[in-house]
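Below is one structure, written out as structure tokens; the observations come after it.
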Amino acid sequence: MSEIYLFLIMFIRLTSCQSDFNYLAFVIQWPPTLCGYSGVHCKPTINRQRFTMHGVWPGNSTGHSLKCSLPPQHSEDYVKDVWEKDVDLAKLLHDHWPTFLLTNTDEAFWMHEWKVHGYCTKQTLPAADYFHGAMRIAAKTKGLLETVRNKFLTAGIFSQYDEAAYEMSNLQKSLGKTSKKIYISCTPKNNSFAYLKDIHFCMDKTMMSFVDCPAANLDTRGCGSIYKQRKIIVPLKSIV
Ligand SMILES: *[C@@H]1O[C@H](CO)[C@@H](O)[C@H](O)[C@H]1NC(C)=O
Ligand SMILES: *[C@@H]1O[C@H](CO)[C@@H](O)[C@H](O)[C@H]1NC(C)=O
1193 MSEIYLFLIM FIRLTSCQSD FNYLAFVIQW PPTLCGYSGV HCKPTINRQR FTMHGVWPGN
1253 STGHSLKCSL PPQHSEDYVK DVWEKDVDLA KLLHDHWPTF LLTNTDEAFW MHEWKVHGYC
1313 TKQTLPAADY FHGAMRIAAK TKGLLETVRN KFLTAGIFSQ YDEAAYEMSN LQKSLGKTSK
1373 KIYISCTPKN NSFAYLKDIH FCMDKTMMSF VDCPAANLDT RGCGSIYKQR KIIVPLKSIV
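Given below as structure tokens:
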């Protein structure tokens, strides 16, 4: 067997494994839920009552996030270059994509997200496009997320009172401005209630337009399944 033949097989394997995604999820998180996890220490300075970016995650046709293989060490340098050589981009990233973990830096958070999720998209979305695309979507969704946040505030939903819990379908409606199907992920409290954790907006592979998140009936995101949904609590303070 020739070396070229072996090389081709490896090449096909690598490419099919890394580009095999159907959509990109723009994932934003609700800090009070995460800051309430035991063992998680959040920076005291962050604005907790504001949605911020978690990451951009490629997913398959059944709504599962892909796990990327580990990128080669040298790739860290060219990924870092993306924000180190573009001051305006770095400013936007710090604003929309801050870490709230006490011992983490924003740069380490972006690098982590790129390694775990971004690397699988590199065929269609080089690192620079990945980060610029993320900021384009962050700008597009900013107004919507602020509106939703204010709506929660005026509805008194930001409370520890469970009667203020949202029905999943209502939450979906509040966020439905893109008129596309989204995912909501939760930290379960018990069989009937859960805390809002992340919201996923789905986009096409080039991060240019919103698409419906694929139908996914599995109870993988902690909010319950289509058969039995938990009521969603949006906490104002860190949950305990
Ligand atoms: C999507 O990914 C999940 C988890 O890795 C896997 O179980 C499922 O079979 C995949 N679906 C397709 C259609 O590839
Ligand atoms: C589940 O959590 C809710 C909200 O805190 C609470 O009212 C309810 O009693 C809990 N149910 C069980 C079975 O623990």
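For the working numbering, add 1192 to where a residue sits in the sequence shown, where the first one is 1. Using N, Cα and C, we set each Cβ at its ideal position, and we do this for glycine too. For clarity, every value in this text was computed on a predicted model and none was experimentally measured.
So, for residue i: in the same chain, excluding its five sequence neighbours on each side, which residues have a beta-carbon less than 6 angstroms away from its beta-carbon?
i	result
D1396	V1403
L1262	none
Candidates the options: which alpha carbon is nearest residue i's?
i	options	result
Y1229	P1318, Q1421, K1381	K1381
V1232	N1214, G1251, V1248, L1293	L1293
I1329	A1407, C1394, S1253, I1418	C1394
T1313	A1331, K1423, A1217	A1217
N1383	K1420, T1295, H1246	K1420
V1248	T1225, T1316, M1399	M1399
L1337	A1300, H1392, G1310, H1309	H1392
A1300	G1335, H1246, T1339, F1385	H1246
Is DSSP giving residue i helix, strand or coil here?
i	result
L1293	strand
S1267	helix
D1390	strand
W1249	strand
C1378	strand
A1319	helix
V1232	coil
L1337	helix
I1418	coil
S1361	helix
A1408	coil
F1301	helix
Leaving out five residues before and five after residue i in sequence, what residues of the same chain have Cβ atoms less than 7 angstroms from its Cβ?
i	result
F1199	Its pLDDT being 44, under 50, F1199 is placed unreliably by the model, and the measurement read from it follows with that caveat. Correct list: empty, nothing qualifies.
V1340	S1366, L1367
So residue i packs on residue j, CB below 8 angstroms; how close in whole Å?
i	j	result
L1285	W1302	6 angstroms
S1366	K1343	6 angstroms
Counting only the same chain and skipping the five closest in sequence on each side, list residues whose C-beta sits under 8 angstroms from that of residue i.
i	result
A1386	C1378, T1379, P1380, G1414, C1415, G1416, R1422, K1423, I1424, I1425
Margin query: Across the region 1358-1367 and the region 1257-1274, are there enough close Cβ pairs to call them in contact, namely three or more that are closer than 8 angstroms?
Written below: Taking a cut-off of 8 angstroms for Cβ pairs, the region 1358-1367 and the region 1257-1274 do not touch, as fewer than three such pairs fall below it.
Note to self: Below 8 angstroms, how does it come out for the region 1275-1282 and the region 1236-1248: are there three or more Cβ pairs, yes or no?
What the structure shows: Touching, no.
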